[in-house]
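Chains as they are written, first to last, in numbering that gives the first Met the number 0: chain A, 0 to 102; chain B, 0 to 355; chain C, 0 to 374. Structure record follows, encoded as C-alpha cells.
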Amino acid sequence: MCLGIPGLVTELDPDGGQLASVDVSGAKRRVNIALLADEGVKVGDWVLIHVGFALARLDEEEAHRTIEMLEGMESAYYDELSAMGRSAAEPQAPPERVARQSK
Amino acid sequence: MSAASPPARTTPRPRAASRPEGVVTMAHGAGGKASHALVESVFLEAFSNPALAPLNDGAVLDIAGQDVAFTTDSFVVSPIFFPGGSLGDLAVNGTVNDLAACGAQPLALSAGFVIEEGFPVEDLARVVDAMGRSAQRAGVPIVTGDTKVVQRGKGDGCYVNTSGIGLVDRRATGLAASSARPGDAVIISGPIGDHGTAVLLARGELGISADVCSDTAPLNGLVAALLEAVGPAVHVLRDATRGGVATVLNEIAAASGAAIVLDEDDIPVRPQVAGVCELLGIDPLYVACEGRMVVVVARERAGEALRAMRSHPLGAGSAVIGRADADPAGLVLEETSFGGARVVDMLVGDPLPRIC
Amino acid sequence: MKFMEEYRDRNKATAVSAAIAELCEPGRRYKLMEVCGGHTYTIYKHGLEYYLPGAVELVHGPGCPVCVIPMGRVDDAISIARQDGVTMACFGDMARVPGSKGSFLRAKAEGADVRVVYSPMDALRIAIEEPARKVVFMAIGFETTAPSTALTLQRAKAMDVPNFSVFCNHVTIIPPLRAILDAPDVDIDGFVGPGHVSAVIGCKPYEVVTKEYNRPLVVSGFEPLDILQSVYMLMRQLASGRCEVENQYSRVVTWEGNPRALQAIEETMEPRPHFEWRGLGSIPLSALKLRDEFARFDAELIYQVPGVRVADPRACQCGQVLRGRLRPWECRVFAKACTPERPIGTCMVSSEGACAAFYNFGRLTRPERLAEARS
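Given below as C-alpha cells:
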C-alpha cells in the first residue's frame, strides 16, 4: 500500500504502449504507465513505482523546494548555534556538522 | 497510563526449546528464528554432544592431539545456474568457507549427489566441472563421493552435499561465536547481499533485471592472510550465508552475550543491490551472501586486520561496519544514517517482497 | 539514490528537531497519529523518534491494510487456495498472516499452490501462461493499490482470460479515520497523512478531518525527513491555531490526485455497505468489491468459502492500539503471548503493524541517547 519508489524512465514502449522501462539505482523493471497517460511521460522523467505501476510523476521543482526549505532550516539552526558559541561567556565550539559519507 | 517512553532495555529471549508443530515449512530452511528452533528442538535434542553444542559453522575435534575441523553442508538452489556461478560453486565454496570460519585450511572434501531422474547430463557435467574448478581454486581435493538418483518429481533437479575436514591453524585459538568481546571491531569482507539478489533476479518471476552477480568464492586464502597478520586477535569468523549478515551477527550476539552495534553509513552495499532491495522492500542485511566473511577482531589490531583483508583480492571491499559492546546484551543494533537507532532482529523466515 | 538520500540527512533532521521542540508549549503533550504502515516502518527503521522531543508522541493508527483484515476473511482466502487446481497469487505481506488455522505459507507447505507476486499483472500473466490453473489474486491495500488491481481487471476483461479472478479486500482511508475520530475518548491532536494513498486520492478528501473534526492533517512522504518535516508543519499549525490540510509531499502528491487512477477504481469496483476491520469492528462503506460487470472475475462469487466470523482472542488489545489509546509495549500480551512468530492480533501480524515494527526495530534504543533526546 505504501511502498512507492522513485525510478528513472529510460525507455518508452514504441507505438505509445502502456509499458516503460524504469531504472532504480541500476535495478531495471518494465512498469505500466497507463495511469499517467494524461501527463505524457518522457524518457528522463522520474515516476513513483508501486507494485509494477507508475502512480505519479515526480515534480523536480517541488522536490527542490522541499529540500530548499529544509536547507533553510538547517542553515538557520547551525548559524544560530555558531553565534551562540561565539557569544558565550566561556568559548565553546559549535557542534560539528556530521559529514555525509558516500558509499 | 504508564509513561510515554518504552522500557529502556529488555533481556535477550531464552533459546526456544519447544518443538515446532505440524510440518516443516520453508521458514525452517531460511536460517532465521524458525531454523534455529528446529535445530535446537529436534537435532540438538537427539544428537546432544559437546562438539555439536556450540553450533558453530563446523565442529572442532581433538584427533591425536591435533585440532581437526569437520563440517558439512547441503546445497539447494533454484535456478541451478545464475550470474556469478552455479550450484557447483556453492557446494565447494560453502564448505571451504565453513572450514575457514573454524580457522582451518581445507584438506579434503567429499561430495554426495541426489539427482532427479530426467536431469540433463550436460547440466550435471556443468555443475561438477564448476565444483572441480572451485576446488582447484581453493587448493583442496574432492576425495570421495556418492551418487543417488530419485524418481522424476521427487528431486528438484539436483541436490549436493559436501563435507570437509581441515587442520585448525595454531593461530586461530578460541575462535567461536561466543568469543566476541565488548570493544571488538566487526568487519565484513565485501559488499552484502550480492548472492541472494542475483538468485532472486535469476528466477525471473519479479521481472527485475540488474547487473548483480553472486559473490560465491572460497575464502580460505583470505582467512590465511588475516591469521598471518593478526592471529589470535581474531575472536570470531563466520561466513554470512542464508539469512545474511544480520543472522550471523545475531548468532554472535546471542552466543557471546555482547551487543553488536552497526553503523549504517559504513555497511557496503552495491547501488544496484540497494536498488533491487528498495523496489522489493527487502533489507540487504538479511539477504544471503556466499563469499563474505564476518570478522570480529580485537580493536587494537583492527587496522592491521583490515589492511591484510583488503590486500587480498577477495577482500578488496572489506570494511569495518561496527563494534561489539557490553549493552544491550545479546542484541544487534544499527545506528542509522539518519541518526537514530534500531534493533536488527533475527528474521523469522526468508525476506519476502512487501508492498506496504 | 535520487529523491531518497537527500531526505535522510541528519544535519537537517537536527535542525527540524530543534524547530519542533521550540513549538512545544511548556507543560503540554502532543499526540500525532500516522495511518500508514509505510510510515510506521520508516519511523522505526530509521530511528526517527530519536529526533522527537519527549512532549511529542507519534502513535500508529490503522494504516496497515494487511493487519486489519479479519481472521475469518484470511481463512476464506486460504480455503480458496487449498481448492483443487487453484493457484493463489498474493503479495509477500500476506504470506505469513495467520488465519485461525495457519497462514498461506503453512497452506503452501501442506500442498496448496501459493505464489508470491510483486504485481497483480504478474498474477494475470501466470493465468495466461498456465491455462490449466485457476489463478486467484488476493487483492489487498488502500487506494494506493486499488488502481493497479483495477487496471489488471480491465486487462483481463479485454483479453477475455477465463481462468483469472480477484479476491478483493481493498479498503479506503477516510472511513477508518472517521471511526477513530468518532470514538468517545479520542485524544489525537493531528494526523500525518498517508502520502501514497494521497498520490491517488489527492488532498481534498482529508478536509473532513480538518473541517468536521478540527484536527490538522499534513500529507507526508516516506523518507524520515519527510515525516519529521510533516510533524513540524503540524506543530506549527497547532501553535498558531490553524487547522488545514497541508501537503508536505508536494513532489508526488497534488491536490486533485490522479484522475485516471480514480476512474479505474470507479469503473471496476464499488463500496461494500459494511466491512469488518480487525480491531475496529464494522465500518460502513470502508471497503471495495467488484462491480457486476466484472462478476466473472470475482473470486467471492466463483468459490465457496466458509464465511465464518472469527473473533479475536480475548487477550487481544489491538483495537486500543489501533486507536492510539495504548502503546505497543503497554498491551498486556506484547512480547509475551504475542510475538511476530506467534502473533495474536493484527498489530503484530505484519512487519508494519505498530507492535511488530516496535518489536522488530524499536524495542530498544540506547538509553543515554533516549534520555538526551528527551532532555
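Ideal Cβ placement from N, Cα and C applies to all residues, glycine included. Since the structure is predicted, the reported quantities are computational estimates derived from the model, not experimental observations.
Residue i, buried or exposed, once every other Cβ within 10 Å from all chains shown has been counted against 16
i               : result
S16 of chain C  : buried
N55 of chain B  : buried
W276 of chain C : buried
N96 of chain B  : buried
E59 of chain A  : exposed
G338 of chain B : buried
L321 of chain C : buried
L150 of chain C : buried
K32 of chain B  : buried
D74 of chain C  : buried
P61 of chain C  : buried
S118 of chain C : buried
G165 of chain B : buried
F103 of chain C : buried
D12 of chain A  : exposed
Chain-ordered chain B contacts of residue i [CB-CB under 9 Å]
i               : result
C383 of chain C : This structure cannot settle anything about residue 383 of chain C, because the visible part of chain C is limited to 0 through 374.
R105 of chain C : G21, V22, T24
Y50 of chain C  : F337, G338, G339
I32 of chain A  : Within 9 Å Cβ-Cβ: nothing; I32 of chain A doesn't reach chain B, min ~15 Å.
G46 of chain C  : E333, E334, T335, F337, G338, G339, A340, R341
Own chain partners of residue i with C-beta closer than 8 Å, once the 5 adjacent residues on each side are dropped
i               : result
K355 of chain B : Correcting the residue identity first, residue 355 of chain B is Cys in this sequence and not Lys. Closer than 8 Å at Cβ, skipping near neighbours: G280.
L152 of chain C : V165, T267, L289, F293, F296
G230 of chain B : R170, A171
G43 of chain A  : L7, V8
P5 of chain A   : V23, W45, V46, L47, I48, L57
A370 of chain C : Any reading at A370 of chain C needs caution, since the residue's pLDDT is 45, under 50, leaving its predicted position unreliable; the model's value is listed next. Contacts found: none.
P13 of chain B  : Below a pLDDT of 50, predicted positions are generally treated as unreliable, and P13 of chain B, at 43, falls in that range; no measurement from the model is reported.
R341 of chain B : L332, E333, T335
S208 of chain B : L200
A125 of chain B : It should be noted that the sequence gives Arg, not Ala, for residue 125 of chain B. Hits under 8 Å: F80, S85, G87.
Same chain, Cβ closer than 6 Å to residue i, neighbours up to 5 away in sequence not counted
i               : result
P350 of chain B : I281, Y285
A257 of chain B : A179, P181, A323
H49 of chain A  : G3
V198 of chain B : F81
A372 of chain C : Confidence is the limiting factor: at A372 of chain C the pLDDT is only 38, short of 50, which leaves the residue's position unreliable and the question unanswerable from this model.
L248 of chain B : I259, V331
P342 of chain C : V348
G278 of chain C : C317, G318, L321, T345
E351 of chain C : G36, T39, Y40, C63
Chain A contact residues for residue i, given Cβ-Cβ distances below 9 Å
i               : result
M158 of chain C : Residues of chain A passing the Cβ test: none, with the nearest at roughly 13 Å.
H195 of chain C : M0, C1, L2, G3, L47, H49, L54, A55
F221 of chain C : C1, L2, G3
Where residue i meets chain C, residues with beta-carbon distance less than 9 Å
i               : result
L347 of chain B : Here residue 347 of chain B turns out to be Val, not Leu, going by the sequence shown. Those are R95, P339, E340, listed as they occur along chain C.
M72 of chain A  : K11, A14, V15, A17, A18, Q228, Y231
D344 of chain B : P339, Y358, N359, F360, R362
Interface partners of residue i on chain A, CB under 8 Å
i               : result
G206 of chain B : R28, R29, G51
A209 of chain B : G25, A26, K27
N359 of chain C : Under the 8 Å cutoff, chain A gives no residues; its nearest Cβ is about 16 Å from N359 of chain C.
K1 of chain C   : P5, L7, W45
Listed by chain order, chain B residues near residue i by CB distance under 7 Å
i              : result
V23 of chain A : G274, E277, L278
Interface residues of chain C facing residue i [CB-CB closer than 8 Å]
i               : result
L351 of chain B : G91, D92, A94, R95, V115
Contact list for residue i against chain C, beta-carbon separation under 7 Å
i              : result
I66 of chain A : E5
K32 of chain B : E340
Chain-order list of residues whose beta-carbon lies under 7 Å from that of residue i (same chain, five-residue window excluded)
i               : result
C202 of chain C : V218, V244, N246, V252, W254
A201 of chain B : P78, F81, P82
A154 of chain B : The question names Ala, yet the displayed sequence has Gly at residue 154 of chain B. Around G154 of chain B: V113, I114, E115.
Listed by chain order, chain A residues near residue i by CB distance under 7 Å
i               : result
M120 of chain C : N31, G51
N257 of chain C : L34, L54, A55
* Select from the stretch 257-284 of chain B all residues with a C-beta closer than 9 Å to any C-beta belonging to chain A, and list them in chain order. => D264, D265, I266, P267, V268, R269, P270, Q271, V272, A273, G274, V275, C276, E277, L278, L279, G280
* For the stretch 123-146 of chain C, enumerate the residues whose C-beta is nearer than 7 Å to any C-beta of chain B, in chain order. => G140, T144
* **Contact set between the stretch 237-251 of chain C and chain B, restricted to residues whose Cβ is under 7 Å from the partner** => none
* Asked: Quick one, which residues of the stretch 263-276 of chain C are near chain B if we go by CB-CB under 8 Å, in chain order?
  -> none
* Asked: Taking a cut of 8 Å between CB atoms, which residues from the stretch 37-62 of chain A lie near chain C?
  -> D37, W45, L47, H49, V50, G51, F52, L54, A55, L57, D58, E59, E61, A62
* To do: Please specify which runs of the alpha helix (DSSP H), each continuous and at least 4 residues long, are wholly inside the stretch 116-161 of chain C, giving them in chain order.
  => 119-128, 145-158
* **Those runs of the alpha helix (DSSP H) which lie wholly inside the stretch 250-282 of chain C and span at least 4 residues** => 258-267
* To do: Any chance you could list the alpha helix (DSSP H) runs of at least 4 consecutive residues sitting entirely within the stretch 65-146 of chain B, in chain order?
  => Every alpha helix (DSSP H) of 4 residues or more that sits fully in the stretch 65-146 of chain B is shown, in chain order, as 86-100, 120-137.
* Asked: Of all the beta strand (DSSP E) runs that stay within the bounds of the stretch 168-221 of chain B, which reach a length of 3 or more residues?
  -> 184-187
* **Complete alpha helix (DSSP H) runs within the stretch 234-284 of chain B (minimum length 4 residues, chain order)** => Restricted to the stretch 234-284 of chain B, the alpha helix (DSSP H) segments that are unbroken, complete and at least 4 residues in length are 243-255, 270-279, listed in chain order.
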